[in-house]
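Here's the structure we're looking at; comments come further down.
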Amino acid sequence: MRSVSWSRSWVVVSLLGLAACGPEDGSGMDDSELGTAEAELQSCSPTSPQPAGCYYGQYCGVNAYCEPVAAPTCQNFVAHGTSWNPNTSLGPVIYQSGQVYFGPDGVWCSPNLDRIIIRLKAYSPSGNLPTSRSGFSGWLRYVRMDGGIVDASSLVTNVNTSADRRTTTFDTNLCVYPGTTTVSAGFYFVDGNEHCVQAVK
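Once you know that position 88 of the sequence shown is 88 in this note's numbering, the rest is easy, because the numbers rise by one and skip nothing.
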C-alpha cells in the first residue's frame, strides 16, 4: 500500500528534476513501415471529450489517432515505483499536462519562494471525477523526486469538470526555493496512471 504524508496548503520542492531522454533521431522504421503502422492506428476525433472513442489508457492526439498515455519515466516514479495497469486498473487517467507559470509569487507561496502552476487534464469512464478542490482529498497524489507522497488536494485550484464528470481540467501549485530552474513532478489518482511533468523556468 502506498503511504501518504499530508501537506500544508503548499509544498516546497527542493530537488531538481532530470530531463527525460528519448531516441536520438527517427523511429527506426522506413517509409513503408511507417505507412503500415499508421494504417493500423485507430482514428478518433480530437475535438470530442477524451478519450474520444479510444481505449482506457489512451487518448485522442492532435493527429486524430488514439495514442497511449505517456509512460512515467521521471525520477519521481523510479524512486516511488508504479502499479497502474491499463488492463486491470479503473482509476482516472491523466492524459495531458502543461506548465502555466514558474516565477515569483507572494500570494500562494511565501514571499521568498517561487510558484509553479501545472495544469493537468484527466478523464474517467466511471463519471466520478471531483467537481471541487475538496473532492480530490485522498484521491490525487503528488510524488516528490525522492518518491515520497503528498495528498495533492491542498495543491489544487481552478477545477473545471464536465457535467457528466467524465473529464476534468485543474491546476496544481508548487512552491520552490529561489534559484531553482527545473523541477520534476509526479502525479496520479488512486488506481490511475502515473504521470510525470517537467517544469522549467
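Beta carbons: idealized from backbone N, C-alpha and C, even for Gly. Nothing here was measured: the structure is a model prediction, and the numbers come from that model.
Hey, residue i and residue j are a contact pair by Cβ (cut 8 Å); roughly how many whole angstroms apart?
i, j, result
"valine 156", "threonine 172", "6 Å"
"glycine 224", "glycine 91", "Outside the modelled stretch of the chain, which goes from 1 to 201, sits residue 224, for which no answer is possible."
"serine 110", "phenylalanine 136", "With 8 Å as the limit, serine 110 and phenylalanine 136 do not qualify as a contact, their Cβ atoms being about 23 Å apart."
I'd like to check one pair, residue j with residue i: are the Cβ atoms closer than 7 Å?
i, j, result
"leucine 120", "serine 97", "yes"
"cysteine 44", "glycine 53", "yes"
"isoleucine 116", "histidine 195", "no"
"phenylalanine 77", "lysine 201", "no"
"arginine 165", "leucine 129", "yes"
Among the options, which one has its Cα closest to the Cα of residue i?
i, options, result
"valine 176", "Asp114, Ser153 and Met145", "Asp114"
"serine 89", "Pro125, Met145, Ala199 and Gly179", "Pro125"
"glutamine 42", "Arg141, Tyr123 and Tyr65", "Tyr65"
"leucine 174", "Trp84, Pro86, Val100 and Gln75", "Val100"
"serine 132", "Cys109, Trp108 and Asn158", "Asn158"
"phenylalanine 189", "Asn63, Gln75 and Trp84", "Trp84"
What does the Cβ neighbour count give for residue i, buried or exposed, with the cut at 16 atoms within 10 Å?
i, result
"valine 143", "buried"
"valine 69", "buried"
"threonine 47", "exposed"
"alanine 163", "exposed"
"proline 213", "Residue 213 falls outside the range modelled here, since the chain spans only 1 to 201, and no answer is possible."
"proline 51", "buried"
"tyrosine 55", "exposed"
"serine 32", "The pLDDT assigned to serine 32 is 44, lower than 50, so where the model puts this residue is not dependable; a value taken from the coordinates is nonetheless given after this. The residue in question, serine 32, is exposed, as its Cβ has fewer than 16 Cβ neighbours within 10 Å."
Excluding five sequence neighbours on each side, which residues of the same chain lie with their C-beta closer than 6 Å to the C-beta of residue i?
i, result
"valine 197", "Ser97, Ile118 and Ala185"
"proline 49", "Thr167"
"glycine 61", "Glu67"
"aspartate 146", "Ala79"
"threonine 169", "Lys121 and Asn160"
"threonine 181", "Lys201"
Quick one: what's got a C-beta closer than 7 Å to residue i's C-beta in the same chain, skipping five residues either side?
i, result
"glycine 138", "Asp151"
"proline 72", "Thr82, Gly186, Glu194, His195 and Cys196"
"aspartate 105", "Asp114 and Arg115"
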